[in-house]
Each structure stands twice: as C-alpha cells, then as structure tokens.
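Please read the structure below before turning to the comments.
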Ligand SMILES: Cc1cc2nc3c(=O)[nH]c(=O)nc-3n(C[C@H](O)[C@H](O)[C@H](O)COP(=O)(O)O)c2cc1C
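Residue numbers (the working numbering): 144 to 318.
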C-alpha cells in the first residue's frame, strides 16, 4: 500500500469481529518490526503473542473493562523491552533519560508493527492500561524486561472515532 494511504488508514480500532490473523501473517509483521532502528542497534524490544484461545482469554482478563470491551475477539501482542541496555554504556545510563531510550526504541518497533498490520488488512489498538504483574506471570516475562503496552490485533467490526490532530506547524519549529 502507498505510504500516505497507510498512515491514513491506520487508526485505533475499538470493536473487533475476529482476530483472523495467522502465524504466517504475524511472522510477516515481525519481519518488518525487526528492521526498526534502535540505539546502537541494541534491538531490545520483545513480544509475547496471545493467539490461542487460552492465551487470548488470559490477556483479555489483564485489561480494565473498557479495554476488554474494545478489544474483545481480537488477538493480543504484549510488548516489552530489556532494560539497562539501550541508552546505557558499560552498565551506566549515558544521560538522564536512562531506560526511556529503550521505550523509545520499542515505540519505533511498535509503529512498524501497527503500520504493517494495517498494510495486511488488520486493525490494532495500543493499550497502555493493563495488569503488568499478571502478564509477567502468565508469559514468564523476565524481571529484566519492562512491560509496555498490549496491542490488540484483528479485523474491525466498528470504524474509528475521528480524532483531532495538531497541525504540522503546531508541533515543529524551523530556524
Ligand atoms: C502508549 C499508548 C497507550 C494507549 N493506551 C490506550 C488505552 O489503554 N486504551 C485505548 O482505548 N487507547 C489507547 N491508546 C490509543 C490512543 O488513544 C490513540 O492512539 C489516539 O487517541 C489517537 O487515535 P488514533 O490511534 O485512532 O489515530 C494508546 C496509545 C498509545 C500510543
């Protein structure tokens, strides 16, 4: 799909009729996710996919009610990153941002993820509100990973609500 078109069709979808995504398509998405840039190519993003019935139900239960309702019938991708690597040198943070750099890298990977999902005809919802401890336990996510959003992925039942965006000139300065 043409890039500008892809940017336009990618929206947060709150209402799914089915997940409908195969392991092959997930691998296609992750073959793009792995190409995202990262601090010194540190590639600290990690992903835990809930595709099977039991795993999907477990992740669903890790969400607050409104995120449950909005993502029901979708599959889920729990996103995390290894801490203390991106933005660090010899175990020391290189600046005041510390692990924010790891979150930054993961955000870039997640942008690739949601855009490639749209390219394949799937919709997504990034959800920052989730029960992190329960997710860690279920997927045995190591303590050296910081758990970030859960991303619902599937086929939409409802279209997106229109969102107001700032104008380009409101967010950029050129000198
Ligand atoms: C880090 C992050 C956390 C978010 N958490 C939630 C969430 O918990 N529930 C939800 O419905 N939307 C969540 N969103 C989606 C945003 O509300 C949405 O991206 C924004 O309103 C812009 O709409 P659009 O994605 O349709 O363009 C989150 C988005 C991001 C990037």
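Don't be surprised by glycine CBs; every beta carbon is placed ideally from N, CA and C.
- The beta carbon of residue 269 sits closer than 7 Å to at least one heavy atom of ligand 1.
- In terms of Cα proximity to residue 296, the closest of 144, 180, 178 and 194 is 194.
- Of the other Cβ atoms in all chains shown, fewer than 16 fall within 10 Å of the Cβ of residue 209; this residue is therefore exposed.
- Residue 222 and residue 249 do touch by the CB rule: their CB atoms are close to 6 Å apart, below 8 Å.
- When DSSP assignments are scanned along the segment 188-215, the uninterrupted stretches of alpha helix (DSSP H) that are 4 or more residues long and fall wholly within it turn out to be 196-204 and 208-214.
- In this structure, the CA atom of residue 264 is about 14 Å from the CA atom of residue 146.
- Taking the Cβ of residue 154 as the reference point, at least one heavy atom of ligand 1 falls within a distance shorter than 7 Å.
- Going by C-alpha positions, residue 152 is about 11 Å away from residue 257.
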